[in-house]
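In what follows, a structure is listed as C-alpha cells, so that the remarks can point back to it.
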Amino acid sequence: MNCAFAYNDDEIKSQFIQGVLSQKLRIKCLESSHKPLSDLLKIARTMDLAKAQAESMSRDQHGSHEHVDKIQ
Numbered sequence: 001m002n003c004a005f006a007y008n009d010d011e012i013k014s015q016f017i018q019g020v021l022s023q024k025l026r027i028k029c030l031e032s033s034h035k036p037l038s039d040l041l042k043i044a045r046t047m048d049l050a051k052a053q054a055e056s057m058s059r060d061q062h063g064s065h066e067h068v069d070k071i072q
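Under full-length UniProt numbering, residue 72 is the last one in the sequence shown; the count climbs by one each step, no gaps.
Dropping the structure here:
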C-alpha cells in the first residue's frame, strides 16, 4: 500500500497563507503568491525581523522621552 501525499509547494503555500495571523503579511503573501514557497518564507522572516526592530526602536525612543520628562 502506497500512501503518498501530493503536497506540492502550491498546497503548502495555500496552507501557510491561510494560517498567517498578520493581515499585513497575508496580503503581502497573496500579492506574491506567484513566487515559490521559499520566497514567501523569506518575506515572512523579513517582516518579522522588521517588526521586532521597529518595536525595539519605539521602546528606545519612548524610554529616552521618559528620561527627559523626569529631568524637566
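We put the beta carbon where it would ideally sit given N, CA and C, even for glycine. Since the model is a prediction, treat every value here as computed from it, not as a measurement.
Inset, instruction - Assuming residue 25 and residue 44 form a contact by the criterion Cβ under 8 Å, report the distance between their Cβ atoms to the nearest whole angstrom. - result: About 6 Å separates the beta carbon of residue 25 from that of residue 44, a gap short enough to meet the 8 Å contact definition.
Legend entry - Local Cβ density within 10 Å of residue 40, reported as buried at 16 or more and exposed below that: So residue 40 counts as buried.
Inset, instruction - Could you check the C-alpha separation between residue 23 and residue 57 for me, to the nearest Å? - result: Roughly 22 Å separates the two Cα atoms.
Legend entry - From 38, 62, 42 and 20, residue whose alpha carbon lies closest to that of residue 8: The residue with the shortest Cα to Cα distance from residue 8 is 38.
Inset, instruction - Rounded to whole angstroms, what's the CA-CA distance from residue 47 to residue 30? Just pull it up for me. - result: When rounded, the distance between both Cα atoms is 14 Å.
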